[in-house]
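Participant: Numbering (the numbering used here), first residue to last: 3 to 495. Starting off with a structure, shown below.
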Amino acid sequence: MDFAVAVIAHESLATSAHGALIVAAQGAQLSPAASALNDASHGALQAALDVSGFEGKLGQTQALYGLSGIKAGLVLVVGAGESVSLQAWQKLVIAAVKALPSKTAKALSYLGELPVTGRDAAERISDQARFALAASYRFDAYKSKKAPASALKLTLAIADKAELKAAKDALVWGQCIGTGQNFARDLGNQPPNIAYPGYLAEMGMALAEDGVMSVDVKGDAELREMGMHCLLSVSEGSVHEAQLVTMTYSGGKAKDAPVVLVGKGITFDTGGISLKPGGGMDEMKYDMCGAASVLGVMAAIKLAKLKLNVIGVIACAENMPSGSATRPGDIVTTLSGQTVEILNTDAEGRLVLCDALTYVERFKPAAVVDIATLTGACVVALGKVATGLFSPKDELADELLAAGQRVDDRAWRMPVWDDYQELLDSPFADIANIGGPTAGSITAACYLARFTKAYDWAHLDIAGTAWLSGAAKGSTGRPVPLLLEFLRARAAG
3 MDFAVAVIAH
13 ESLATSAHGA
23 LIVAAQGAQL
33 SPAASALNDA
43 SHGALQAALD
53 VSGFEGKLGQ
63 TQALYGLSGI
73 KAGLVLVVGA
83 GESVSLQAWQ
93 KLVIAAVKAL
103 PSKTAKALSY
113 LGELPVTGRD
123 AAERISDQAR
133 FALAASYRFD
143 AYKSKKAPAS
153 ALKLTLAIAD
163 KAELKAAKDA
173 LVWGQCIGTG
183 QNFARDLGNQ
193 PPNIAYPGYL
203 AEMGMALAED
213 GVMSVDVKGD
223 AELREMGMHC
233 LLSVSEGSVH
243 EAQLVTMTYS
253 GGKAKDAPVV
263 LVGKGITFDT
273 GGISLKPGGG
283 MDEMKYDMCG
293 AASVLGVMAA
303 IKLAKLKLNV
313 IGVIACAENM
323 PSGSATRPGD
333 IVTTLSGQTV
343 EILNTDAEGR
353 LVLCDALTYV
363 ERFKPAAVVD
373 IATLTGACVV
383 ALGKVATGLF
393 SPKDELADEL
403 LAAGQRVDDR
413 AWRMPVWDDY
423 QELLDSPFAD
433 IANIGGPTAG
443 SITAACYLAR
453 FTKAYDWAHL
463 DIAGTAWLSG
473 AAKGSTGRPV
483 PLLLEFLRAR
493 AAG
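Written out as structure tokens, the structure is:
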């Protein structure tokens, strides 16, 4: 899908050469663009809507073909409801793109004139691009019959020439978010016999092929020499080596400390010796969605040429049972020197993350955000709507919460109080890797907190938001929009 921005007056819509025109109605009230087309068609547009029973409800669409006085063969009217929140805005843009016939080559959207709560004209352009990319996403790489790639060129109309530059800049940013999010979705949807740890390392190296960023990959031998035994403990039962991939993007000033993103990359999680139930285990291919989101963000900031120093680190392993796998009761030494009693091998995400979080101290970061499908307890607490946010730093937490609100990729702050730390006590090691039956997402975050004392840190538990099950099954690409908005705001100062 390609995009453009154009200044197009309402009076010119009727003679537009685009094959399809997209306009809106808020209940019974036509948008200004829709009203202009109704006038040009001498009331035929409104008459057709009346006959069809169209009510302008949120997400409702009505395709009108061959309206007299209008050059475009199709006018698509989209219902916006009575008021347009950011959530409603996303739904109606996605509904519009999905309602376009698959063979549509050129479409013009005038949806950007709708008053969306909290969004200015440029932001509405950015939103349309990323929502359209989300709507057009499909993953059929392994199907024998593939749907043709979208050949649509979507032009986003604005009325004021003075807004053109801001709109073009916003369009680029929206495309970057959508592209990064869809890249993360592609990675998450890959089958686990393809997307093993080395595959994720290859994806990281591919991002560096043009020289815009640098990539370093460490395998078993180097990780063992460094002392990253906690990370290595997770992959002991797998034939695939663990991988630690570091991607460095230097878009800011040399003296500026980088923002570091750390992603959990468990490419398949059987639970190890603490074996998971068989039902639904196929979805454990999504346990690398934290790493996928970091790769998606790094791809997007490179496209956007973001003026910020960012380092992405992904800690990758496959958690499998075998004769060489880590056992419940094993004690390992982390890179930090702290020892961990592994009481449950299915609490493996924190094991790979703790070594990665110690590793990133060397970058003297301005802030560190880790992203992980860490706990089922977070799904119980927050469901599939909000990402769990844990941070002892109020300012950093507020930045991330605000970023999520601005792009409708929301998070909810949870406690990471020292009161919970005693639940992780072990009689045999410095710390246990589980904390008992209660407060599971909190004790997991508290475990990570023990390895993050050297910098400002936040943890995003995306176990509930990284993928969907059922009819809409697949990776969501979250929290790529949240992270990119957070980084954009940091770059803007």
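Positions of the beta carbon are idealized from the N, C-alpha and C atoms, including for glycine. The structure displayed is predicted, hence computed values, not measured ones.
Counting only runs of 4+ residues fully inside the region 318-373, write out the alpha helix (DSSP H) ranges in chain order.
Facilitator: 351-361
Participant: Between the beta-carbon of Gln92 and the beta-carbon of Phe133, is there less than 8 Å?
Facilitator: yes
Participant: What are the boundary residues of the beta strand (DSSP E) that Phe392 is part of?
Facilitator: 389-392
Participant: Would Ala22 and Ala109 be called neighbours here (beta carbons separated by less than 8 Å)?
Facilitator: yes
Participant: Using the C-alpha atoms, what's the distance from Arg408 back to Trp307?
Facilitator: With the sequence shown as reference, residue 307 is identified as Lys, and Trp is not the correct amino acid for it. Those two C-alpha atoms are separated by around 21 Å.
Participant: What is the DSSP secondary structure of Leu94, reduced to helix, strand or coil?
Facilitator: helix
Participant: What would DSSP say about Trp419, mapped onto helix, strand or coil?
Facilitator: coil
Participant: Closest to Lys105 by CA distance: which of Leu154, Val382, Ala65 is it?
Facilitator: Leu154
Participant: What does the Cβ neighbour count give for Gln192, buried or exposed, with the cut at 16 atoms within 10 Å?
Facilitator: buried
Participant: Hey, would you say Ala317 sits closer than 8 Å to Thr269, going by beta carbons?
Facilitator: Cβ distance not < 8 Å, so Ala317 and Thr269 don't count as in contact.
Participant: Give a yes or no on whether the C-beta atoms belonging to Val7 and Leu158 are separated by under 8 Å.
Facilitator: yes
Participant: Which one of Thr341, Asp372, Lys220, Ala259 has the shortest CA to CA distance from Ala294?
Facilitator: When C-alpha distances from Ala294 are compared across Thr341, Asp372, Lys220, Ala259, the shortest belongs to Asp372.
Participant: Kindly give me the distance between the Cβ atoms of Thr347 and Ile275, rounded to whole angstroms, as I take these residues to be in contact under 8 Å.
Facilitator: 5 Å
Participant: Given this structure, state the Cα-to-Cα distance separating Ser37 from Lys59, to the nearest angstrom.
Facilitator: 17 Å
Participant: Considering Gly265, what are the terminal residues of the alpha helix (DSSP H) in which it resides?
Facilitator: Counting along the chain, Gly265 falls outside any alpha helix (DSSP H), though it belongs to the beta strand (DSSP E) covering 261-271.
Participant: Is Ala388 closer than 8 Å to Trp419 when the C-beta atoms are compared?
Facilitator: no
Participant: Here's the rule I'm using: 16 or more other beta-carbon atoms within 10 Å means buried, otherwise exposed. How should Asp271 be labelled?
Facilitator: buried
Participant: Mind the definition here: the region 325-343 touches the region 206-215 only if three or more C-beta pairs lie below 8 Å; say whether that holds.
Facilitator: no
Participant: Could you please give me the residues that DSSP links to Gln177 through a beta bridge?
Facilitator: DSSP output for Gln177 lists no bridge partner at all.
Participant: State the start and end residues of the unbroken alpha helix (DSSP H) segment that holds Lys155.
Facilitator: Note, Lys155: premise wrong, no alpha helix (DSSP H); beta strand (DSSP E) at 155-160.
Participant: For Val409, name the three-state secondary structure that DSSP assigns.
Facilitator: coil
Participant: I need the boundaries of the beta strand (DSSP E) containing His461, first residue and last residue.
Facilitator: 459-463
Participant: Taking the continuous beta strand (DSSP E) assigned at Ile24, which residues delimit it?
Facilitator: Looking at the DSSP string, the run of the beta strand (DSSP E) that includes Ile24 is 22-28.
Participant: For the alpha helix (DSSP H) containing Asp129, list its first residue and its last residue.
Facilitator: Residues 123-137.
Participant: Ordered along the chain, which non-local residues of its own chain (more than five positions away) have a Cβ less than 7 Å from that of Ser138?
Facilitator: Met3, Val99, Ser152
Participant: Pick out whichever of Ser70, Glu243, Leu76, Phe365 has its Cα sitting closest to the Cα of Glu224.
Facilitator: Glu243
Participant: Considering only residues of the same chain and omitting the five flanking positions on each side of Leu66, which have a CB-CB separation below 6 Å?
Facilitator: Ala50, Val77
Participant: Leaving out the 5 sequence neighbours to the left and right, which residues in its chain are closer than 8 Å to Ala11 when beta-carbon positions are compared?
Facilitator: Within its own chain, the residues whose Cβ lies closer than 8 Å to the Cβ of Ala11, once the five positions on either side in sequence are excluded, are Ala161, listed in chain order.
Participant: Pick helix, strand or coil for Ile433, following the three-state DSSP scheme.
Facilitator: Ile433 sits in a strand when the DSSP states are folded into three classes.
Participant: Using 8 Å as the threshold, is the region 233-252 in touch with the region 309-316, meaning 3 or more CB pairs across them?
Facilitator: Touching, yes, given that three or more Cβ pairs across the two stretches are closer than 8 Å.
Participant: Does the distance from the CB of Gly71 to the CB of Ser33 come in under 8 Å?
Facilitator: no
Participant: So, are the CB atoms of Gly378 and Asp463 less than 8 Å apart?
Facilitator: no
Participant: Taking the beta strand (DSSP E) that Lys257 belongs to, which residues open and close that run?
Facilitator: Unbroken run through Lys257: none, as it is neither H nor E.
Participant: What residues match up with Phe5 in a beta bridge as DSSP calls it?
Facilitator: In the DSSP output, where bridge partners are listed per residue, Phe5 has Leu156.
Participant: Is Ile303 helix, strand or coil when you go by DSSP?
Facilitator: Three-state result, Ile303: helix.
Participant: Secondary structure at Ser87, three-state DSSP: helix, strand or coil?
Facilitator: Ser87 falls in the coil class under three-state DSSP.
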